[in-house]
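**Q** Protein chains in written order, with our numbering: chain E, 19 to 360; chain P, 19 to 360. For every residue, glycine included, the Cβ atom is placed at its ideal position computed from N, Cα and C.
Protein chains: 2
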Amino acid sequence: MARAAGVSQTTVSLVLGGNKQGIVLQEATRERVLEAARSLGYVPDPAARSLATARNSLMGVFSFTATFPTDVQHSYYPLLVGVEQEAAAQGYDLVLFTGSSASGPEATTPEALDRVRLADGCLFLGRHIPSRELRRLVDDGYPAVHLGRRDELEGLAWVGADYVSASADVVRRLAEAGHRRIVLVREDDDAPASTDRERGFLEGLEAAGLPGGPAAVVRTAEPAAQITAERIRAWRAEGITAFVAEETDTGGAWRALLGAVGAAGLTAPEHLSLALLGSPPADLAAGPEPTGFDVPRTELGATAVRLLVSVMSGEDLKPPEPLVSCAFRAGTTAGPPPPAGG
Amino acid sequence: MARAAGVSQTTVSLVLGGNKQGIVLQEATRERVLEAARSLGYVPDPAARSLATARNSLMGVFSFTATFPTDVQHSYYPLLVGVEQEAAAQGYDLVLFTGSSASGPEATTPEALDRVRLADGCLFLGRHIPSRELRRLVDDGYPAVHLGRRDELEGLAWVGADYVSASADVVRRLAEAGHRRIVLVREDDDAPASTDRERGFLEGLEAAGLPGGPAAVVRTAEPAAQITAERIRAWRAEGITAFVAEETDTGGAWRALLGAVGAAGLTAPEHLSLALLGSPPADLAAGPEPTGFDVPRTELGATAVRLLVSVMSGEDLKPPEPLVSCAFRAGTTAGPPPPAGG
DNA sequence: CCTCTCAACTAATGCGCATTAGTTTCAGGG
DNA sequence: CCCTGAAACTAATGCGCATTAGTTGAGAGG
């Protein structure tokens, strides 16, 4: 290539590399190189380039499960939309590490995680990422950002949705609408996403001066079987007028609630109010819009990318707010409680 | 790293590189290297590796539009599911090239395409990929596979759905049900996917001995405005008893057909039969299941990966069949034609 | 006891580029 | 006519690895 243009390899590199050093070049020379490159179809080898510069404009995405789950209800997609958009904007290409999905979570080897070092930095999704390996990456100074709250790993940067505030806000609105007794139905899972919602729920009750405590939270491993029409009636008899369900992958709690309410011959918001702490599963999209909040997954993804970029740039400035706010969704399943004794 | 394990860099390379040369190594040495690598979290630099070997276990995915479109109706997702699964199975990680989505299709620079050279091979989606650049890649011997029929670029491997056969099959079944006059409604687009469907439709008519010709195909740029209730009535008066719509990103033709039929106060399959050459848009999933066929997108993605792997391995053996069959979907919108004069 | 042959490594080289030290050329100044 | 200095390049080096030539050490054979 250099010989073809009649100049040195250095000059070619300079011309094609953008000449950040501000070295003076004759316009004629520049043209000659450009012309030669064009006619030869020459393109600087990206591999060699990244070898020489120690960076390759690749941003990793690692998830314990398949990045593209077969289960369409999965919530990764909107995240990835944001990740891709922002990564593109920042000039990075994405590397999807498939190591974990190859042969099931159990078979994931520790080395699989090391492969992410291929990228300049990496985003991690899912709380099942092995702590040990992740810790080593972080300790080694490898730029990593976790999508979703992940406090137990000190030094690991993360971004998450502010479930606490959003949940509290839903409760506040229910209280303002006149509800005095509210129950949270949650599944038997201790993910941060669940814990945060419960915490926000309880904080919301307290802020509104409503009764909280264990009685306000129903935790069940099998919502469909345990949340029955009878139980709903009993709760109503106790004076409970609003029910809040947490959002999960399956939407189990919400489904159970809808089912039981329907089976009891009741409707929302006429007889009682229902709220969902998150977005409804895709297959329920056609039904009534649940009152609750939307997790800004796309924004979450974009925020994560920005955070990762800042980590990669070596800045130690911890971004002040890793929490992204969720927007309240009015929906149609909640309203004022029915007249007392109704 | 080498120093840490007390061996030479060569030995490390041998151990970690799989030792394809069959050089004899002491098990103890091997272990020592492995252990050192583990404790240091050392991973061979992929850039250097690919510089030296010209391969890096990375498979590219390049699409002209964003790989994760905001428009949920988009059909990339199922493709990617298949691509990810198969890539993982074959031991490749995926690189999503975002160059095209960064600033809109128009701003895509030719060099963006060259960046794919970073990967060992690349999958291309979307027919808007600049031919010139793609051609150069192919001519340079770069392993490329196009998802979707793409004949005009000689030497470019591709996999696509067999729309011709599937469409002909739908027509055959309609004919067998008793329909004698069938019309295809298609949009004004010359994508191979559209052309193939029309061809299959016409072949199907011919095979069934039914009247074909230009009159059997309605091509419209604005289906919603041009396919009206009156037009449906006029067609029925002419003796047409079945309507077939092509599937597109927007599902425009199908929507228009459904709308017009409804506006005319008709229902399928009672008054007439409707068929969709593909899958219905997501937002119509709740409605009646259209008779037609399903494009096996996931399988298509997996097939593309397998093809790419074979191309990368340097085998010249052209896989005999780049076409993946679409499965007929009975659906509920088609049946026998109504009694003559009904 | 010395050469020969394996076994088991190690030294050296190059991949294609970015980058940092030069090197050459030419115009003025003295 | 020599010296200085800027302009416009070029030579050399190293990134981290794979690979190809060695090199060393330990028996085996004579």
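(1) Does the count of Cβ pairs from the stretch 92-106 of chain E and the stretch 275-286 of chain E closer than 8 Å reach three?
(2) With the cut-off set at 8 Å, would you say E:Ala175 and E:Ala184 are in Cβ contact?
(3) Taking 8 Å as the CB-CB cut-off, is E:Pro64 touching chain P?
(4) Could you name the residues of the stretch 280-298 of chain P whose beta carbon sits closer than 7 Å to any beta carbon of chain E, in the order they occur along the chain?
(5) Between P:Asp180 and P:Ser343, is the Cβ-Cβ spacing less than 8 Å?
(6) Do the CB positions of E:Pro96 and E:Gly166 come within less than 8 Å of each other?
(7) Can you pull the chain P neighbours of E:Arg133, defined as C-beta to C-beta under 9 Å?
(8) Quick one: measure Cβ to Cβ for E:Gly222 and E:Arg190, integer angstroms, because I've assumed they're closer than 8 Å.
(9) Whole angstroms are fine: how far does the CA of P:Glu288 sit from the CA of P:Tyr2?
(10) For E:Arg154, which residues in chain P fall below 7 Å Cβ to Cβ?
(11) Would you tell me roughly how many angstroms separate the C-alpha atoms of P:Glu265 and P:Thr351, rounded to the nearest one?
(12) Alpha carbon to alpha carbon, what distance is there between E:Arg135 and E:Asn74?
(13) Along the stretch 296-325 of chain E, what residues have a CB closer than 7 Å to any CB found in chain P?
(14) Along chain P, in chain order, which residues have C-beta atoms closer than 7 Å to that of E:Ser183?
(15) Does the distance from the CB of P:Glu317 to the CB of P:Gly100 come in under 8 Å?
(16) Taking only beta-carbon atoms, is E:Ser93 less than 8 Å away from chain P?
(17) Would you verify that the beta carbon of P:Asp138 is, or is not, closer than 8 Å to some beta carbon of chain E?
(18) What does P:Ser68 reach in chain E if we use C-beta pairs closer than 8 Å?
(19) Between the alpha carbons of P:Leu76 and P:Glu151, how many angstroms are there, rounded?
(20) Alpha carbon to alpha carbon, how far is E:Gly159 from E:Leu326?
(21) So with Cβ pairs under 8 Å, would you call P:Leu220 a contact of chain E?
(22) At the level of alpha carbons, what is the spacing between E:Ala234 and E:Ala274?
(23) Around the C-beta of E:Thr309, are 16 or more other C-beta atoms found within 10 angstroms, so that it is buried, or is it exposed?
(24) Is the shortest distance between the beta-carbon of P:Leu174 and the beta-carbons of chain E less than 8 Å?
(25) For the stretch 176-224 of chain E, list the beta strand (DSSP E) runs that are entirely contained and at least 3 residues long, ordered along the chain.
(26) Given that a residue counts as buried once 16 or more other Cβ atoms are within 10 Å of its Cβ, and exposed if not, what is E:Ala54?
(27) Give a yes or no on whether the C-beta atoms belonging to P:Ala300 and P:Leu192 are separated by under 8 Å.
(28) Check P:Gly122 in the structure and name its three-state DSSP category.
(29) Applying the criterion that 16 or more other CB atoms from any shown protein chain within 10 Å of the CB defines a buried residue, is P:Ser263 buried or exposed?
(30) Quick one, which of E:Arg50, E:Ala322 and E:Asp187 has its alpha-carbon nearest E:Val25's?
(31) Tell me the residue span of the beta strand (DSSP E) that contains E:Thr47.
(32) Applying a beta-carbon distance threshold of less than 8 Å, which residues of chain P neighbour E:Asp214?
(33) Output the distance between the C-alpha atoms of P:Leu290 and P:Ala255, rounded to the nearest integer angstrom.
(34) On the DSSP letters alone, give me the boundaries of the beta strand (DSSP E) that P:Glu151 sits inside.
(35) To which residues of the same chain is P:Gly360 closer than 6 Å at the C-beta, ignoring the five residues directly before and after it?
(36) As an exercise, report each continuous beta strand (DSSP E) stretch of at least 3 residues that is fully enclosed by the stretch 276-313 of chain E, in chain order.
**A** Once the coordinates are examined:
(1) no
(2) Locating residue 175 of chain E in the first sequence gives position 157, counting from the first residue. Locating residue 184 of chain E in the first sequence gives position 166, counting from the first residue. No, the pair does not count as a contact, with Cβ atoms beyond the cut-off.
(3) The sequence position of residue 64 of chain E within the first sequence is 46, counting from 1. So, interface residue.
(4) Of all residues in the stretch 280-298 of chain P, none has a Cβ within less than 7 Å of some Cβ in chain E.
(5) Here residue 180 of chain P is taken as the residue at index 162 of the second sequence, counted from 1. Here residue 343 of chain P is taken as the residue at index 325 of the second sequence, counted from 1. Contact: yes.
(6) By one-based count along the first sequence, residue 96 of chain E stands at place 78. By one-based count along the first sequence, residue 166 of chain E stands at place 148. Taking 8 Å as the Cβ cut-off, E:Pro96 and E:Gly166 do not qualify as a contacting pair.
(7) Residue 133 of chain E sits at position 115 when you count from the first residue of the first sequence. Correct list: Val61, Pro64, Ser75 and Asp111.
(8) Here residue 222 of chain E refers to the residue found at position 204 when the first sequence is read from its first residue. Here residue 190 of chain E refers to the residue found at position 172 when the first sequence is read from its first residue. Between the beta-carbon of E:Gly222 and that of E:Arg190 there is about 5 Å, and that keeps the pair under the 8 Å contact cut.
(9) Outside the displayed span of chain P (19 to 360) sits residue 2 of chain P, for which this structure offers no information.
(10) Locating residue 154 of chain E in the first sequence gives position 136, where the first residue counts as 1. Under the 7 Å cutoff, chain P gives Gly59.
(11) By 1-based counting over the second sequence, the position of residue 265 of chain P is 247. By 1-based counting over the second sequence, the position of residue 351 of chain P is 333. Taking the straight line from one Cα to the other gives about 15 Å.
(12) For the purposes of this step, residue 74 of chain E is taken as the residue at position 56 of the first sequence. For the purposes of this step, residue 135 of chain E is taken as the residue at position 117 of the first sequence. Rounded to the nearest angstrom, the two C-alpha atoms are 11 Å apart.
(13) The stretch 296-325 of chain E vs chain P, Cβ under 7 Å: Ala304.
(14) Taking the first sequence and counting its residues from 1, one reaches residue 183 of chain E at position 165. Per Cβ cutoff of 7 Å: no residues; E:Ser183 is ~26 Å from chain P at best.
(15) The residue labelled residue 317 of chain P in the question sits at position 299 within the second sequence. The residue labelled residue 100 of chain P in the question sits at position 82 within the second sequence. Taking 8 Å as the Cβ cut-off, P:Glu317 and P:Gly100 qualify as a contacting pair.
(16) Sequence index remark: in the first sequence, residue 93 of chain E carries index 75 (1-based). No, its Cβ sits nowhere closer than 8 Å to a Cβ of chain P.
(17) Counting from one through the second sequence, the residue named residue 138 of chain P turns up at place 120. Output row for P:Asp138: interface = no.
(18) Sequence index remark: in the second sequence, residue 68 of chain P carries index 50 (1-based). Chain E residues near P:Ser68: Ala65.
(19) Taking the second sequence and counting its residues from 1, one reaches residue 76 of chain P at position 58. Taking the second sequence and counting its residues from 1, one reaches residue 151 of chain P at position 133. Those two C-alpha atoms are separated by around 20 Å.
(20) For the purposes of this step, residue 159 of chain E is taken as residue 141 along the first sequence, with counting starting at 1. For the purposes of this step, residue 326 of chain E is taken as residue 308 along the first sequence, with counting starting at 1. Cα to Cα, the separation comes out at about 12 Å.
(21) Against the second sequence, residue 220 of chain P aligns to sequence position 202. Taking Cβ atoms only, chain E never reaches closer than 8 Å to P:Leu220, which makes this a no.
(22) As a first step, residue 234 of chain E must be located in the first sequence, where it is residue number 216. As a first step, residue 274 of chain E must be located in the first sequence, where it is residue number 256. Roughly 17 Å separates the two Cα atoms.
(23) Locating residue 309 of chain E in the first sequence gives position 291, counting from the first residue. Result: buried.
(24) Residue numbering aside, residue 174 of chain P sits at position 156 when the second sequence is read from its first letter. By this cut-off, P:Leu174 is not an interface position.
(25) 200-205
(26) Within the first sequence, residue 54 of chain E is the residue found at index 36, counting from 1. Buried is the call here.
(27) Locating residue 300 of chain P in the second sequence gives position 282, counting from the first residue. Locating residue 192 of chain P in the second sequence gives position 174, counting from the first residue. For P:Ala300 and P:Leu192, no; Cβs fall outside 8 Å.
(28) For this step, residue 122 of chain P is matched to residue 104 along the second sequence. Low per-residue confidence applies at P:Gly122: pLDDT is 47, beneath 50, and the placement is therefore not dependable, though the value from the model is reported in the following sentence. It is coil, neither helix nor strand.
(29) Mapped onto the second sequence, residue 263 of chain P falls at position 245. First, the amino acid is wrong: residue 263 of chain P is Ala here, not Ser. Buried, since its Cβ has 16 or more Cβ neighbours within 10 Å.
(30) Residue mapping note: residue 25 of chain E aligns to position 7 of the first sequence, counting from 1. Here the closest residue by C-alpha is E:Arg50.
(31) Counting from one through the first sequence, the residue named residue 47 of chain E turns up at place 29. From DSSP, E:Thr47 is part of no beta strand (DSSP E) but of the alpha helix (DSSP H) over Glu45 to Leu58.
(32) As a position in the first sequence, residue 214 of chain E is number 196, starting the count at 1. Going along chain P, no residue has its Cβ under 8 Å from E:Asp214, so there is no contact; the nearest lies around 26 Å.
(33) Working through the second sequence from its first residue, we reach residue 290 of chain P at position 272. Working through the second sequence from its first residue, we reach residue 255 of chain P at position 237. So the alpha carbons of these two residues sit roughly 12 Å apart.
(34) Your numbering for residue 151 of chain P matches position 133 in the second sequence. Here P:Glu151 belongs to no beta strand (DSSP E); instead the alpha helix (DSSP H) covers Ser149 to Asp157.
(35) Against the second sequence, residue 360 of chain P aligns to sequence position 342. Caution is warranted here: a pLDDT of 46 is assigned to P:Gly360, below 50, making its placement in the model unreliable, and no coordinate value can be reported.
(36) 291-295 and 309-312
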